[in-house]
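Chemist:
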Amino acid sequence: MILIEVKSLPIKEVINNIAEAFETTYEQSCGEFFLDIPEHIGQGNIRGINFDGGMGIIQYDCLFKEEVEFHFTINKVHPLKFLYCLEGELKHRFEGYDDEHNIKQYQEAIVASDLFNGHILCFKSETRTIINSLEITRKEFQKKIQCELVTMNDNLQKLFNDIEAKELFYHDGFYSLKLADLFREMQTFEGGDFLKKLFLEGKSYQMLTEQILQYEDDLNDITGSKILRRTEIKQIELAAELIRERISKLDNIAEIASEVGLNSNKLQEGFQNLYGTSVKQYIKQIRLNLIKDLVLNTEYSMSEIVDLAGISSKSYLSKIFKEEYGTAPSDYRKHFTDSLVKKK
């Protein structure tokens, strides 16, 4: 195991400490500090940037040849950290405590150490690990926002107001789809140094906003939770698959949502994100595609197609088909058949 002692703040000094431990150099550009992992240790990079008001971001994209532990042990109040695991797995524990927290892909953790104790971050060997760490120095942050936090959740109020780090705080969960989109934008932004700094500062505030909303949403049970998590995408895809399979006997969308382990709000949000449409419109389009296929490629009667498509009547069949294709299904079939005869 490689043990890295980080005994400095702010982020510039953090990157400098890591570079010295790796026996390499770091670079800086427009307030961003970054280093490449030396080949004998692994591959990837670590970069960080501080913004006004006590906020900053450290991004780790590392694949180490052996296990690496970063010990943040400066004898001061440590920043409040919001850790996001985009890939791989991270182990976290508080300095002076034995409990270890596993933060896996798509998970996030809010961590605040007590007193002058720090944090230990452990990266597995031979595993690419991508971590975003949003870091907030609470005393400076309070001066920046100049705002009472009375509308925030009580636990978060205490956390942000605890500028002397009197209490330990830990919370984990799965980060939202909106946060996943933010991380992707941050990774792919190609603007120059000045624009990148402005961009990242804006994204850091967006991250904090979405995280606060998500924390409050985490306190709800499954029926009250509204924010879609990155890990729930597979459940949305399963719901879409079930809709396609059961289109002829589809009665209750709430039952589909319950079967895949989501509530109706999350199902709707997921369909908007993945398919750009509501669940109702998705079902309508699946039905129309099926009806068109049955009209053109089978000899089923319109009454039989009504049953196979799971709709209420021939009049409704004609209505939705005409809205989409401009003609009644029987006329559509006749036109298609006549066209084939002419070609022959």
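Going by the numbering used here, the first residue of the sequence shown is number -18, and it counts up by one from there. Note that the Cβ used here is the ideal one computed from N, Cα and C, for glycine as well. If you're wondering where the values come from, they're calculated on a predicted model, not measured in any experiment.
Is it the case that the Cβ atoms of D153 and H59 are separated by a distance below 8 Å?
Modeler: Numbered from 1 along the sequence shown, position 172 holds the residue referred to as residue 153. Numbered from 1 along the sequence shown, position 78 holds the residue referred to as residue 59. No, these two residues do not count as a Cβ contact at 8 Å.
Chemist: M(-18): which of F51, I117, P(-9) and K(-7) sits nearest, CA to CA?
Modeler: Taking the first residue of the sequence shown as 1, we reach residue -18 at position 1. The shortest C-alpha separation from M(-18) is found at F51.
Chemist: Given a cut-off of 8 Å, decide if K147 and D95 are closer than it, judged by their beta-carbon atoms.
Modeler: Along the sequence shown, one-based indexing puts residue 95 at 114. Along the sequence shown, one-based indexing puts residue 147 at 166. The answer is yes: Cβ separation under 8 Å.
Chemist: Would you mind sorting C66 into buried or exposed? The rule is 16 or more other CB atoms within 10 Å of its CB.
Modeler: Reading the sequence shown from its first residue, position 85 is the one you call residue 66. By the 10 Å Cβ count, C66 comes out buried.
Chemist: Reducing DSSP to helix, strand and coil, say where I30 ends up.
Modeler: Taking the first residue of the sequence shown as 1, we reach residue 30 at position 49. It is a strand residue.
Chemist: Along the chain, which unbroken stretches of the alpha helix (DSSP H) at least 4 residues long are found entirely within the region 226 to 308?
Modeler: Entirely contained in the region 226 to 308, the alpha helix (DSSP H) runs reaching 4 residues are, in chain order, 234 to 240, 245 to 256, 260 to 278, 283 to 290 and 295 to 306.
Chemist: Taking the continuous beta strand (DSSP E) assigned at M36, which residues delimit it?
Modeler: Residue numbering aside, residue 36 sits at position 55 when the sequence shown is read from its first letter. Residues M36 to F45.
Chemist: Which residues share a DSSP beta bridge with A93?
Modeler: Against the sequence shown, residue 93 aligns to sequence position 112. In DSSP, A93 forms a bridge with F150.
Chemist: Distance check for K207 and L298, CA to CA, integer angstroms please.
Modeler: Here the question's residue 298 lines up with position 317 in the sequence shown. Here the question's residue 207 lines up with position 226 in the sequence shown. Using only the alpha carbons, I get a separation of about 34 Å.
Chemist: Please state if the CB of R225 and the CB of I267 are separated by a distance shorter than 8 Å.
Modeler: Translated into positions along the sequence shown, residue 267 becomes position 286. Translated into positions along the sequence shown, residue 225 becomes position 244. Yes, Cβ-Cβ distance for I267 and R225 is below 8 Å.
Chemist: Would you report the Cα separation of M133 and I27, rounded to the nearest angstrom?
Modeler: By one-based count along the sequence shown, residue 133 stands at place 152. By one-based count along the sequence shown, residue 27 stands at place 46. Approximately 33 Å between the Cα atoms of the pair.
Chemist: Report, in whole angstroms, the separation of the C-beta atoms of G37 and I84, which I expect to be a contact under 8 Å.
Modeler: For this step, residue 37 is matched to residue 56 along the sequence shown. For this step, residue 84 is matched to residue 103 along the sequence shown. In fact, because the Cβ distance is near 19 Å, the residues do not count as touching under 8 Å.
Chemist: On the three-state DSSP scale, how would you describe G183?
Modeler: For the purposes of this step, residue 183 is taken as the residue at position 202 of the sequence shown. Helix at G183.
Chemist: Could you tell me if T163 is buried or exposed, where buried requires 16 or more neighbouring beta carbons within 10 angstroms of its beta carbon?
Modeler: Numbered from its first residue, the sequence shown carries residue 163 at position 182. Note on identity: in this sequence residue 163 is Leu, with Thr being the wrong assignment. When all chains shown are included, L163 counts as buried.
Chemist: Just the Cα atoms here: how many angstroms apart are I(-4) and T5?
Modeler: Taking the first residue of the sequence shown as 1, we reach residue -4 at position 15. Taking the first residue of the sequence shown as 1, we reach residue 5 at position 24. Those two C-alpha atoms are separated by around 11 Å.
Chemist: Counting C-beta neighbours from all protein chains within 10 Å, is the total for D42 16 or more, i.e. buried, or is it exposed?
Modeler: Working through the sequence shown from its first residue, we reach residue 42 at position 61. With 16 or more other Cβ atoms within 10 Å, it is buried.
Chemist: Leaving out five residues before and five after D33 in sequence, what residues of the same chain have Cβ atoms less than 6 Å from its Cβ?
Modeler: Start at 1 with the first residue of the sequence shown, and residue 33 comes out as number 52. Cβ within range, chain order: n/a, list empty.
Chemist: Smallest Cα separation from I301: which of I18, V276 and L269?
Modeler: Reading the sequence shown from its first residue, position 320 is the one you call residue 301. Here the closest residue by C-alpha is L269.
Chemist: To the nearest angstrom, how far is the alpha carbon of D288 from that of L160?
Modeler: Reading the sequence shown from its first residue, position 307 is the one you call residue 288. Reading the sequence shown from its first residue, position 179 is the one you call residue 160. Approximately 42 Å, taken between the alpha carbons.
Chemist: Do the region 6 to 20 and the region 71 to 79 meet, that is, are 3 or more Cβ pairs less than 8 Å apart?
Modeler: Too few Cβ pairs lie closer than 8 Å, so no.
Chemist: Taking all protein chains shown into account, decide if F63 is buried (16 or more other Cβ within 10 angstroms of its Cβ) or exposed.
Modeler: What you label residue 63 is simply residue 82 of the sequence shown in a count that begins at 1. Burial call: buried.
Chemist: For M167 and I214, I'd like the C-alpha separation in whole angstroms.
Modeler: Start at 1 with the first residue of the sequence shown, and residue 167 comes out as number 186. Start at 1 with the first residue of the sequence shown, and residue 214 comes out as number 233. The alpha-carbon atoms of M167 and I214 are separated by roughly 21 Å.
Chemist: Apply the 10 Å Cβ neighbour rule to N278 and answer buried if 16 or more other Cβ atoms are within range, or exposed otherwise.
Modeler: Here residue 278 corresponds to residue number 297 of the sequence shown, with the count starting at 1. Classification for N278: exposed.
Chemist: Just confirm the distance between the C-beta atoms of Y151 and A90, as a whole number of angstroms; I'd bet it's less than 8 Å.
Modeler: Taking the sequence shown and counting its residues from 1, one reaches residue 151 at position 170. Taking the sequence shown and counting its residues from 1, one reaches residue 90 at position 109. Rounded, the Cβ-Cβ distance is 7 Å, consistent with contact.
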